[in-house]
Amino acid sequence: MNKRYKVIGMTCTGCQEKVLKSLNALTGVTAKLDKEYVDISSENPVTLDQLNSALQSAGNYQLQEMNSEEKPAVIPPQQRVSPSSVYYCPMECEGEKVYFQQGERCPVCKMYLVPIEEKEEYQNKTQAFSKTNLPESFQQKLGKFYCPMFCEGDKVYDSDTGCPVCHMHLEEITEDLLAGSKDKQHHLHTTSETPGFSKNFMAENAGKYYCPMLCEGDKVYDSNVGCPVCGMDLVKIPGKPGASSEDDTVKILSRKFWAATAFTIPVFILSMGGMFINFPFSHHIQGIIELVLTLPVLFYAGWFLMIRGYRSFVRWNLNMFSLIALGVGAAFIFSIMALFFPGIFPAEMMQEDQLPLYFEAVCVILTLVILGQFMEAKAHQRTGKAIEELMNLSPDEANLIINGEEKKVPLSEVKIGDILRVKPGEKIPVDGKITEGNSAVDESMITGEPIPVEKEIDDKITSGTINGNGTFLMIAEKVGDETLLSKIIEMVNTASRSRAPIQNLADKVSKIFVPAVIVVAILTFIIWWIFGGENRMILALVNAVAVLIVACPCALGLATPMSLMVGIGKGAKNGILIKNAEALELMHKVDVLITDKTGTLTEGKPSLEEIVTHDNGDKSKILKLAASLNQNSEHPLSSAVLQEFKKSGMNFDKTSGFENISGKGVKADINSQIVLLGNESLLQQFNIQVPESLKSAAAEKQSAAKTVSYLSEGNVVLGFLAFSDKIKSSSKRAIEYLQKNGIEIIMMTGDNEHTAEAVARELGIDKFEAQCLPQDKMEAVKKLQKAGKIVAMTGDGINDAPALAQSEVGIAMGTGSDVAIESAEITLVKGDILGVAKSWILSEKLLKNIKQNLFFAFIYNILGIPVAAGLLYPIFGILMSPMIAAAAMSFSSVSVILNSLRLNSASLDENLKQ
């Protein structure tokens, strides 16, 4: 039996897994999903009721018989030699799915659909050429334009109007392009190509720009011209280590923002101040002054926004820039006409012989949008800085051993199989293993754990980690882009650009609002043209333009940025530095919080927790001897001992013959006695036996994830010191609050299983993973995102950077590494996870405030559009009164500002107090 059913109730990949699991559990049944359909194959007949009964345990799912007129989602191959009534997407966005209407576009990529019988011909055209095989006909077509996707083969166009098939930006045919020069290799790309962002890629393209949404694959640009497809600002590829990371885009937008602000403030004062101040000049002179001040704002600072808006209309890909261009253009043109040609307007629009001017709306809207673009550019710049920090972890040179002699060579010359010497304090240049010698290696950049790891022959070592006091030889096993450090760099870059951005609310509004306003304006023109009487032409034109002006949402431009600016300031006062405003908006929607352990939930450094003596010995003596031994050591455990010793007020004993015994501990002569401090292997080396009572006490501490160091004087073991990474006092309170509000907590750490379990148990965390590498954390974030979860990640180390960049909300501890801070959107200055709970509360209050602002912004526009269209004229003789228009804009803006300022009085910790 083979039959297809439609599945009702599936909404995500989790649903799909449940449905398949339940159906395949039936004896003899094989189920395969295809979008919203399921194909059932069974050895014996099975009824629909039997199938639906099996689904009841999985959830609210149900199979339905397909209607006779319902076409299957995929047409079998034997039916595809069909008439031209069947169409497919050339990009195969939805696999083999076909469509049945001519002239339609693909719902995913918006390309025109192609008749299925033309599939072979189309593929031959598009595959005939590539970036290394240009059509010969291009030699005679210099100055013409072509589609880099070759959607219509070698067809060329007279101007860059956009490809009529895929809408992509057309490329000009130039001599450099035809010559195939390497610096122009980015002119031709296919959608299957994406930048690797390896160190080699960045070195070759350093200083160039790419679209963060990868609209044109790995295409790079020489300057930030804006993506020709989606309109977003391009992102600069960071330079080489040590080079300046300052992005030209940030500098340009900063310059434009301050220039726009300088001219906008006086325009705003002139326009709105007239309600309260009698200026010593006429309305006409005031208008000319406003015009002069508006020109640099529009044609210098904000002109790039108008160009993007124009492009959005050309391609009919409406977005935030469409709304800006429409409103600003209408307001500016109307104001020019009202200033210099007031006589063409009907008397009904006059008040005290004056016409309204909207230069202040032009300036305010453009300035606010430039501010948003500037903040977005700063966010992209931080990714570049994080990558540079990572690249700086790798040394520039390595000590290569050739025929027994040591030679310093550039890192790029190191090959797999080379023998390298690593000296004390040096960074390990490549991935490999030790062939001779031993040392303690600081692997905190990989594992996040502060205690160095002892490495011996055949132990693996990783590039970028730091050697301790020993010297060893290593064999290179992974070099260049294959090293773990290079892969972390690539993961951070991939994550930062692959994370789906929150679609700006203005974009969503624009796709509906812009066409609606245009339709209303056209209807207004038509109705006034038909029924307008003697001055119907001028009345039709004026009222249509009036609709566009009043519809321009000046307060909408303020609604979100104003709340965000106040919210960001409120966060800063509470030790929450918000570097990405969208992350603050999204924080309240987070479903899962993945948190690192060391430095996030714990202090991030070992502390001396307890001294255990043998036969009730003197603890202060053990502390004094241990501190005297450690006063010349840089080991993290030494720092913990010295910190505790300072509290005692005692003085060091005189030491001599200090020796660091790699992998075991330290030794010195104190008061004519040999004193040892280290693990049991150190004592065994000197034939010293540990008493059984101390052994059992030490084993108990070690089972609770404590680090133990024995101390002996002469041949007698005096006791041991127990070290631990203390849990921060506020961690439990923060975890309980977040769990209470429905956020699932997952702890992922590079530490061992025992330590992870002990910390998770104490904090009440049900899910945890130990011995995690950077890619493990990043993959965990991706897996949760695929399941439809919104993920926040907290961490403080280099090993957390990829996951911080991949998550929707990355939260770094201010006490952590620079790379983690640069990769995150939110930084907690105090390094306290309680700040995560405060961020969640702030986000909740912010979203509520933004929704209130949007109501104030839209209510005046919605009420104003009918007035502008002339709806009140037949009854009251009112045509867009300046009083109504000015009052609407003023009231909406003032309402938004006052409501936003209410955030300053919000409390972020009233629910967190114990």
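Each residue of the sequence shown is one higher than the last, beginning at 1 in full-length UniProt numbering.
Using N, Cα and C, we set each Cβ at its ideal position, and we do this for glycine too.
Exclusion of the five residues before and after M587 leaves A792, V809, I826, S839, W840, L842, S843 as the residues of its chain whose Cβ lies within less than 8 Å of its Cβ. Residue burial annotation: P148 is buried, with at least 16 other C-beta atoms found within 10 angstroms of its C-beta. Annotation for E753: the continuous alpha helix (DSSP H) segment containing it runs 753-763.
Just so you know, the alpha carbons of I611 and D751 end up roughly 23 Å apart. Around E436, the same chain offers I457, F472, L473 as residues with beta carbons nearer than 8 Å, after the five sequence neighbours per side are excluded. Remark: fewer than three beta-carbon pairs, one from each stretch, lie closer than 8 Å, so the stretch 614-625 and the stretch 769-781 are not flagged as touching. Sequence-distant Cβ neighbours of A627 in its own chain, meaning closer than 7 Å and more than five residues away, are V641, L642, F645, F652. Our two residues, F332 and A301, have alpha carbons roughly 15 Å apart in a direct line. Boundaries of the alpha helix (DSSP H) around M306: 303-315. Rounded to whole angstroms, the separation of the alpha carbons of E744 and R761 is 15 Å.
Annotated three-state conformation of V156 is coil, per DSSP.
Apart from sequence neighbours up to five positions away, the residues of its chain that approach N715 with a beta-carbon distance below 7 Å are I688, ordered along the chain. The alpha-carbon of A857 is positioned some 23 Å away from that of L298.
In the structure shown, P280 falls within a coil segment according to DSSP collapsed to helix, strand and coil. Per the coordinates, the alpha-carbon of A260 lies some 59 Å from the alpha-carbon of E609. L48 is the residue among T27, L26, L48, G28 whose C-alpha sits nearest the C-alpha of K6. In the structure shown, the three-state DSSP call for L170 is coil. Judged by beta-carbon spacing, L584 lies beyond the 7 Å limit of P606, meaning their Cβ atoms are not closer than that value. Residue Y157 holds the alpha-carbon nearest to the alpha-carbon of Y146 among L738, G599, Y157, L871. Secondary structure note for R4: its beta strand (DSSP E) is the uninterrupted segment 2-8.
Ranked by Cα distance from L355, the options V364, C363, I336, L368 are led by I336.
Inclusion of G864 and N543 in the CB contact set at 7 Å is not warranted, their separation being larger than that value. Each residue's CA atom was taken as its position, placing T600 and G309 some 44 Å apart.
For N679, the closest C-alpha among the options K667, N671, Q673 is that of K667. Across the set N438, F138, I790, I285, the C-alpha of F138 shows the shortest separation from the C-alpha of E175. For E443, same chain residues with a beta-carbon under 6 Å away, outside a window of 5 residues either side, are V453, T465 in chain order. Collapsing the DSSP output to three states places G719 in a strand. Secondary structure of K455 (DSSP, three-state): strand. Assigned with DSSP and collapsed to three states, F145 falls in strand. Leaving aside the five residues that flank D459 on each side, the residues in its chain whose CB is nearer than 7 Å to its CB run, in chain order, K433, I434.
As the crow flies, the alpha-carbon of G425 is around 14 Å from that of E397. Look at L908 here: in three-state DSSP terms it is coil, with no helix or strand label.
The Cβ atoms of I811 and A803 do not sit closer than 7 Å to each other. According to the DSSP secondary-structure assignment, I402 is paired through a beta bridge with E405.
Of K777, V836, G468, I897, the smallest CA-CA separation from Q739 is found for V836. In the DSSP assignment, R421 is bridged to N399, L473.
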